[in-house]
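Student: In the numbering used here, the protein residues as written are -8 to 88.
(1) How big is the Cα-Cα spacing for residue 8 and residue 38?
(2) What do you reckon, are the CB atoms on residue 25 and residue 54 nearer than 9 Å?
(3) Can you list, in chain order, the residues of its chain whose CB lies under 8 Å from that of residue 36, leaving out five sequence neighbours each side?
(4) Can you give me the C-alpha to C-alpha distance between residue 30 and residue 82, rounded to a whole angstrom?
(5) Output needed for residue 40: all residues of its chain with C-beta closer than 7 Å, excluding positions within five of it in sequence on either side, in chain order.
Here it is, written out as structure tokens:
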């Protein structure tokens, strides 16, 4: 099991429309990645206000079991990047097995 101290950080998020994005840093406590068809950031929220905590987000869960960084639905990449892709925010670190 991964502890909170070992969770990968969101190194960069370039999706500026997200309410958790503050100057390319994600300030959600933890994000969830994945859908059956692509590595969507499920924590993305398009609001005119900014929110979150005074820390850099971690990857709390990853539903893309076909990613080489995924082990038992936990991300084991050193860090991830989030950016625009199929929709407003996807994990750009996703790498299919």
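We put the beta carbon where it would ideally sit given N, CA and C, even for glycine.
The structure presented is a predicted model; accordingly, all values stated were derived computationally and were not measured.
Tutor: On the basis of the supplied data:
(1) The sequence position of residue 8 within the chain shown is 17, counting from 1. The sequence position of residue 38 within the chain shown is 47, counting from 1. Cα-Cα distance, rounded: 7 Å.
(2) Taking the chain shown and counting its residues from 1, one reaches residue 25 at position 34. Taking the chain shown and counting its residues from 1, one reaches residue 54 at position 63. Contact check for residue 25 against residue 54 passes: the beta carbons are separated by less than 9 Å.
(3) Here the question's residue 36 lines up with position 45 in the chain shown. Here the set comprises 9, 10 and 11.
(4) The sequence position of residue 30 within the chain shown is 39, counting from 1. The sequence position of residue 82 within the chain shown is 91, counting from 1. A direct Cα-Cα distance of roughly 5 Å separates residue 30 from residue 82.
(5) As a working note, residue 40 is residue 49 in the chain shown. These residues qualify, in order along the chain: 10.
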